[in-house]
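Residue numbers (this note's numbering): 5 to 174.
Glycine included, every Cβ here is placed at the ideal spot set by N, Cα and C.
Here the structure is laid out as structure tokens; the discussion comes afterwards.
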Ligand code: NI
């Protein structure tokens with residue numbers, strides 16, 4: 005297994021649209037194992053393949069406190085949304101930024117498991133937030149896109165400053 009490096013906002017590769025996985029084979033399972041390892045090491049509660057520059061529709065999530073309930077979603081699609089909730093979100097691709105985002109309170113997601121079997125999951129609370137956040141990544145979106153123009157501009161400034169600082173250091 006190996007750790008991936010995680011793309012950082014505003015990297016344009018975070019804007020790529022992920023393609024559906026045609027066949028779940030050993031290479032997909034190896035990719036999922038490395039994605040899970042990368043998520044746990046970060047540490048984070050969710051990771052989309054897009055964030056490690058692999059543009060296939062794969063998401064890993066673990067919101068358990070014990071970090072032992074890995075969920076894998078291949079080709080996930082939200083087929084139902086109910087209600088609204090607001091949750092403070094962060095993202096491994098947007099380090100140190102936490103902002104409130106409004107999303108559906110509950111979602112139904114259809115996906116393939118690692119055996120290639122179609123599954124349906126009804127989720128609410130944090131899991132529903134996480135599923136929506138990660139599926140956004142597969143569509144080339146980051147949570148920052150849900151914020152006001154002013155907040156987005158501030159975050160872009162912050163990251164531009166950080167990049168200049170890092171460039172000056174090297
Ligand atoms: Ni994210």
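By the 16-neighbour rule on beta-carbons within 10 angstroms, residue 61 is buried. Taking C-beta atoms under 8 angstroms as the contact rule, residue 105 and residue 114 fail to qualify, at a distance of about 23 angstroms.
Relative to the ligand NI, the nearest heavy atom lies less than 7 angstroms away from the CB of residue 147. By the Cβ rule, the stretch 6-13 counts as touching the stretch 44-62, because three or more pairs are nearer than 8 angstroms. Residue 159 places its beta carbon 8 angstroms or farther from that of residue 63. Within the stretch 58-136, the complete beta strand (DSSP E) segments of 3 residues or longer fall at 62-65, 75-95, 98-116 and 122-128, listed in chain order. Pairing residue 146 with residue 97 gives a Cβ-Cβ distance under 8 angstroms.
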